[in-house]
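Numbering (this note's numbering), first residue to last: 505 to 568. Comments concern the structure below.
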């Protein structure tokens, strides 16, 4: 039971980082085309979230 809980927690953390990174990057791209703003800091923060998700996944690979 504890292993199942840990696996679900790890999957939640990974998908949280992944979703935050993707949403920040997509939001920055949409605001660039809609309002003509330059690339903001949120793109770089989104990249950091994606890098954190990748590092988390490489450190804790899923076991199927």
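Here a beta-carbon is modelled for each residue, glycine too, at the ideal position from N, C-alpha and C.
Excluding the 5 residues preceding and the 5 following residue i in the sequence, name in chain order all residues of the same chain whose CB lies nearer than 6 Å to its CB.
| i | result |
| --- | --- |
| residue 550 | 525, 528, 529 |
| residue 538 | none |
| residue 534 | none |
For residue i, which residues in the same chain have their Cβ closer than 7 Å to its Cβ, ignoring the five residues on either side in sequence?
| i | result |
| --- | --- |
| residue 560 | 517, 518, 521 |
Identify, in the order they occur along the chain, each residue of the same chain with its Cβ nearer than 8 Å to the Cβ of residue i, setting aside the five sequence neighbours on each side.
| i | result |
| --- | --- |
| residue 562 | none |
Taking contact to mean at least 3 C-beta pairs separated by less than 8 Å, is the stretch 515-524 in contact with the stretch 550-561?
Yes, the stretch 515-524 touches the stretch 550-561.
Ignoring anything shorter than 4 residues or poking outside the stretch 509-559, list the alpha helix (DSSP H) runs there in chain order.
For the stretch 509-559, not one full-length alpha helix (DSSP H) segment reaches 4 residues or more.
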